[in-house]
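A.B. asks: My structure is below; once you've seen it, I'll send some questions.
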Amino acid sequence: MVKVCMYFQVHQPYRMRKYNIFDVGNNQNYFDEKKNVEILKKISKKCYLPTNALLLKLLNKHEKFKVAFSFSGVFLEQLEQYEPKVLESFMSLVNTGKVELLSETYYHSLAYLYSKREFKEQVDMHRNKIRELFGVSPTVFRNTELIYNNDMAKYVENLGYKAILSEGADHILGWRSPNFVYRPIGCNKIKVLMKNYRLSDDIAFRFSDRKWKGWPLTAEKFAGWINNINGNGECVNLFMDYETFGEHQWKDTGIFEFLGRLPEEILKHPDNEFMMPLEIAKLNARDMIDVHEVLSWADIERDLSAWMGNRMQQSALKRLYELENDVKESGDLRLIENWRRLQTSDHFYYMCTKWFADGDVHKYFNPYDSPYDSFIAFVNIINDLVLRLKKLKENKWIKVKQRGAKVA
Amino acid sequence: MKVLMLGWEFPPYKSGGLGTACKDLTKGLSNNGVDVTFVMPHHSGVDDREFVRVIGTKGMKIKMGKQVGIKKVNTILTPYMTSKSYKDSHKKIYEIDKKEVSVEFDKNPNYDFIYGKDLFSEVHRYTKAVEELVRSEEFDIIHAHDWMTYKAGLVIRKVSGKPLVIHIHSTEYDRTADHPNQRIEEIERSGLENADHIIANSNFTKNNVLRHYGISPEKISVVHWGIEPEKSYCDDVKFKSPFEEKIVMFLGRITIQKGPDYFVEAANKVLLFYPKVKFVVVGTGDMMQRMIDRADELGILDKFVFTGFLKEEAVNKAFKMADIYVMPSVSEPFGLVALEALKNKTPIIISKQSGVSEVVKHALKVDFWDINEMTNKIVNLLEHKELYQELQENSYEEVKKFNLDEPAMKCKDVYEKILKTYKGDIK
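So the protein sequences, as listed, match chains U and R.
Residue 320 in numbering that gives the first Met the number 0 sits at position 321 of the first sequence, and the numbers go up by one each step.
Residue 349 in numbering that gives the first Met the number 0 sits at position 350 of the second sequence, and the numbers go up by one each step.
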């Protein structure tokens, strides 16, 4: 019996403008609305709308077909504002009752690593948003970019979640297979679902790679690989970015035909079925998973180096989170929102220098010419935030003084 | 395979990147089994110190492989000359010759001041001299560098029946910020049109050739420059700057092409944000006075240091002292000096209108006219150590990947391709 669990991540950041030193103190428009809308509309047309339509057809056609989504809060916000019909199409999917929604941080942030307080607030914000828009309350958690370790699993368990997602990295699993449910070490309720990165990446990254020996990948061939798991695994977790369909893999690669045929090919085998993450979490845990170092689903390193690997990234994050108390105490809602939008992990991803010389993956929808440019825009914005906070504080003092004068 | 190369004098007595480029290419070719006869313009006149700096050289001490033969042509031509700068040189040399040769200079019937009275007659004289010089040479292909050698290249092509490859390091449009001298433009055009193949030092240059001369793109190959990998200047010797302030450096000929005025305007704005900085200008050129005047007008002349022309070793020291090298060129066909900066571990801010920006990733890049963005980048780079260190280390690693073999091999490929298809002119 193989239970196939498909989860799609859907997220778009608020990309920053090329905010320069002359903007500091003069301009509080940090984000490039025009570019963000442009990108959102483009991806909606290429990916969200056609893939949603296809999934709706498949969910209606195959009673046993199920999927899960995780939406970032900033993505949903942008849909509400600029692409309401895409939001409606996601709602129709959820209304089939065969689509589970997961919890994450509202701002698709790295907050867990810097401030538990901020992390918790963003998780709550996200839950509220999901309830407000879709009328459901998630019980399975996925952290930004599948960032995971023992402490985080414990923390998330204490928030009441039944399961958490993680990367099925070789160095964690060792000889073990990702195709079972595990228990995070030190936890007794929550379970961990490990991504089968080989099969997931066959679709997400290799699908159109003509040099790959699996090419061309058909639904039938892929179903065959799933069937092979029978006897040495209970579930297979296929986790990927939703933009795989139509955006990372263009329409002419045949990705939609592949997805369209996948449910029936998988269901041809009588022992296979689809399950949502919460159902997978009901399977028995077969072993403990012990993750000290922080794990993620990014790059070959599967660690934090994509966001925190160099000094610019570390400094930018430190500067940002140092402002937390002042920002929150200011009570200035717009400033708080600006500060939070800056927490989105993509901003730090753009500063990554790791593969820059090879012009690699990090280029994708990166609004900057270089990691250095993105750092410069980011610190300029931080400097403006600091100025705003200073001004607010000064004004407060003036008010206090005036009040004091009146009392006297 | 034997190449007849019409090139330019080797450093350290150079007034730009062309000498270095010729030397490096010749070295790369000879390392890869190509014989080169190098025809080098050389002023064998009087050894006056002042001149030696700018023009002539004695005692070539560059080590080359056995396959390189050097033939000197007596001329006072140097790369990047304009009609005016030629006249200045001509006059100076004439004066010196007059002094040195004899008091009865004017009466001496044996003395002949051979150099042409203007740039074009000197190019013509050079062409004749080269033709004479290579008459007995044997070679398979001719390779000529920049417009002054094109005529000679074409003449030899005709006489010898061998194919001509011309190498374009900058177009007349680059050198004059789109105000070409008509006669130079014509010579350049004739070279580009009549050569069997063209090598451009960047896509930037290639595009300029396409745009201004309408040459078909298949006739042009792009070969980006390299730099000697073993010649890492950045030993740990620190050259201590005499200034407390951080140093932002401009280096190059101070001509309209190099964008010195944008440098001054950016400096003025940088000082609004970051007062503790000195702007060091290395080089000379016809816009130097204008640069000084403008800095004075802005009231920031005390923030500037003008070093004049520096020799190679001094340039490397200057780079080591500098915190940032800025290359705001309006039009920079390649920009080898940016790689020299990186070899000295000096991070660079370079114009997007440059060839080098096509090949270096770890650099800050700006449009030359975008003074605010230039300011933004200079200030942030001065202010943020984490940015500075990342850029410095990554670009130093990156420049190590450049070498001389790769461009030489690409040129060799071009020769082979041409020789395979070349049938000579159908008469």
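Don't be surprised by glycine CBs; every beta carbon is placed ideally from N, CA and C.
Nothing here was measured: the structure is a model prediction, and the numbers come from that model.
For a contact defined as C-beta to C-beta under 7 Å, what are the partners of residue 16(U) on chain R?
C.D. replies: Within chain R, no residue comes near residue 16(U); the closest Cβ sits about 12 Å away, beyond 7 Å.
A.B. asks: Quick one, are the C-beta atoms of residue 140(R) and residue 3(R) less than 9 Å apart?
C.D. replies: Cβ distance < 9 Å, so residue 140(R) and residue 3(R) count as in contact.
A.B. asks: Have a look at residue 102(R) and residue 91(R) and give me their C-alpha separation to the nearest angstrom.
C.D. replies: Note that residue 102(R) scores 47 on pLDDT, short of 50, meaning its location in the model is unreliable and no value can be drawn from it.
A.B. asks: Using Cβ-Cβ distances below 7 Å, what residues of the segment 273-287 of chain R are close to chain U?
C.D. replies: The segment 273-287 of chain R vs chain U, Cβ under 7 Å: nothing.
A.B. asks: Going along chain R, which residues have a C-beta under 7 Å from residue 307(U)?
C.D. replies: None at all; the shortest Cβ gap to chain R is about 12 Å.
A.B. asks: Would you kindly work out how many angstroms separate the C-alpha atoms of residue 319(U) and residue 107(U), rounded to a whole number?
C.D. replies: In a straight line, the C-alpha of residue 319(U) is about 15 Å away from that of residue 107(U).
A.B. asks: Check the Cβ of residue 376(R) against every Cβ in chain U and list those closer than 7 Å, keeping chain order.
C.D. replies: Per Cβ cutoff of 7 Å: 375.
A.B. asks: Compute the distance between the beta-carbons of residue 314(U) and residue 388(U), then report whether it is under 9 Å.
C.D. replies: Not closer than 9 Å, so no.
A.B. asks: Is there at least one Cβ from chain R nearer than 9 Å to residue 389(U)'s Cβ?
C.D. replies: No, residue 389(U) lies away from the interface with chain R (no Cβ there is under 9 Å from its Cβ).
A.B. asks: What does residue 5(R) pair with, by DSSP beta-bridge criteria?
C.D. replies: BP columns for residue 5(R) point to 38(R) and 143(R).
A.B. asks: Using CA coordinates, which residue listed in 293(U), 22(U) and 198(U) is at the minimum distance from residue 170(U)?
C.D. replies: Checking every option, the nearest Cα to that of residue 170(U) belongs to 293(U).
A.B. asks: Leaving out five residues before and five after residue 27(R) in sequence, what residues of the same chain have Cβ atoms less than 7 Å from its Cβ?
C.D. replies: The answer, listed in chain order, is 403, 404, 406 and 407.
A.B. asks: Which complete beta strand (DSSP E) runs does the segment 195-232 of chain U hold, if anything under 3 residues is left out?
C.D. replies: None, since the segment 195-232 of chain U contains no complete beta strand (DSSP E) of that length.
A.B. asks: List, from N- to C-terminal side, the alpha helix (DSSP H) runs of 4 residues or more that fit wholly inside the segment 56-111 of chain U.
C.D. replies: List check, alpha helix (DSSP H) in window: 72-81 and 83-94.
A.B. asks: Within the segment 270-307 of chain R, note down every full alpha helix (DSSP H) run reaching 4 residues or more, in order along the chain.
C.D. replies: Listed in chain order, they are 287-296.
A.B. asks: Using a 10 Å radius around the Cβ and a threshold of 16 neighbouring Cβ atoms, would you call residue 408(U) buried or exposed?
C.D. replies: Only positions 0 to 407 of chain U appear in the structure, and residue 408(U) is not among them; the question remains open.
A.B. asks: Between the Cα of residue 249(U) and those of 208(U), 236(U), 280(U) and 52(U), spot the shortest distance and give me the residue it belongs to.
C.D. replies: If we check each option's Cα against that of residue 249(U), 208(U) comes out closest.
A.B. asks: Residue 73(U): buried (16+ other C-beta within 10 angstroms of its C-beta) or exposed?
C.D. replies: Looking at its Cβ environment, which holds 16 or more other Cβ atoms inside 10 Å, residue 73(U) is buried.
A.B. asks: With a threshold of 16 other CB atoms inside 10 Å of the CB of residue 327(R), please say whether the residue is buried or exposed.
C.D. replies: Residue 327(R) should be labelled buried.
A.B. asks: From this set, 139(U), 246(U) and 13(U), which residue's C-alpha is nearest residue 278(U)'s C-alpha?
C.D. replies: Closest by alpha carbon: 139(U).
A.B. asks: Report all residues from its chain with a CB closer than 7 Å to the CB of residue 79(U); omit the five preceding and five following residues, and keep chain order.
C.D. replies: Here the set comprises 86.
A.B. asks: By DSSP, does residue 21(R) sit in helix, in strand, or in coil?
C.D. replies: If DSSP states are grouped into helix, strand and coil, residue 21(R) belongs with the helices.
A.B. asks: Report yes or no: do three or more beta-carbon pairs, one from the segment 333-346 of chain U and one from the segment 335-346 of chain R, lie closer than 8 Å?
C.D. replies: Verdict: no, contact absent.
A.B. asks: Name the chain R residues that come within less than 7 Å of residue 19(U), Cβ to Cβ?
C.D. replies: The answer, in chain order, is 371, 372 and 375.
A.B. asks: Would you say the segment 193-207 of chain R touches the segment 309-328 of chain R, given that touching needs at least three Cβ pairs under 8 Å?
C.D. replies: With the cut-off at 8 Å, the segment 193-207 of chain R and the segment 309-328 of chain R do not touch.
A.B. asks: Residues in its own chain within less than 7 Å of residue 91(U) by CB, not counting five upstream and five downstream?
C.D. replies: Closer than 7 Å at the Cβ level, and outside the excluded window around residue 91(U), lie 55.
A.B. asks: When the Cα atoms are used, what is the spatial distance from residue 165(U) to residue 302(U)?
C.D. replies: Straight-line Cα distance between these residues: approximately 12 Å.
A.B. asks: Quick check: residue 198(U) and residue 296(U), are their CB atoms within less than 9 Å of each other?
C.D. replies: Cβ distance not < 9 Å, so residue 198(U) and residue 296(U) don't count as in contact.
A.B. asks: DSSP state of residue 27(U), grouped into three classes?
C.D. replies: Three-state result, residue 27(U): coil.
A.B. asks: Which same chain residues, not among the five before or five after residue 37(R), have their C-beta less than 8 Å away from its C-beta?
C.D. replies: So the list reads 4, 6, 21, 25, 67, 68, 69 and 70, once near-sequence residues are dropped.
A.B. asks: Would residue 385(U) count as contacting chain R if we go by Cβ distances under 9 Å?
C.D. replies: No - not a single Cβ of chain R is within 9 Å of the one on residue 385(U).
A.B. asks: Please tell me whether residue 372(R) and residue 349(R) are closer than 9 Å, where the distance is taken between their beta carbons.
C.D. replies: No.
A.B. asks: Check the DSSP bridge columns for residue 236(U) and list the partner residues they point to.
C.D. replies: Note: residue 236(U) sits in a beta bridge opposite 4(U).
A.B. asks: Buried or exposed: which applies to residue 287(U), given that a residue is buried once 16 or more other Cβ atoms fall within 10 Å of its Cβ?
C.D. replies: Classification of residue 287(U): exposed, given that the 10 Å Cβ count is below 16.
A.B. asks: Out of 11(U), 245(U) and 339(U), which has the shortest C-alpha to C-alpha gap to residue 203(U)?
C.D. replies: Selected option, being the one with the closest Cα: 245(U).
A.B. asks: Quick one: complete alpha helix (DSSP H) runs, 4+ long, within the segment 277-352 of chain U?
C.D. replies: Here the runs fully enclosed are 304-307, 310-321, 323-329, 332-340 and 344-348.
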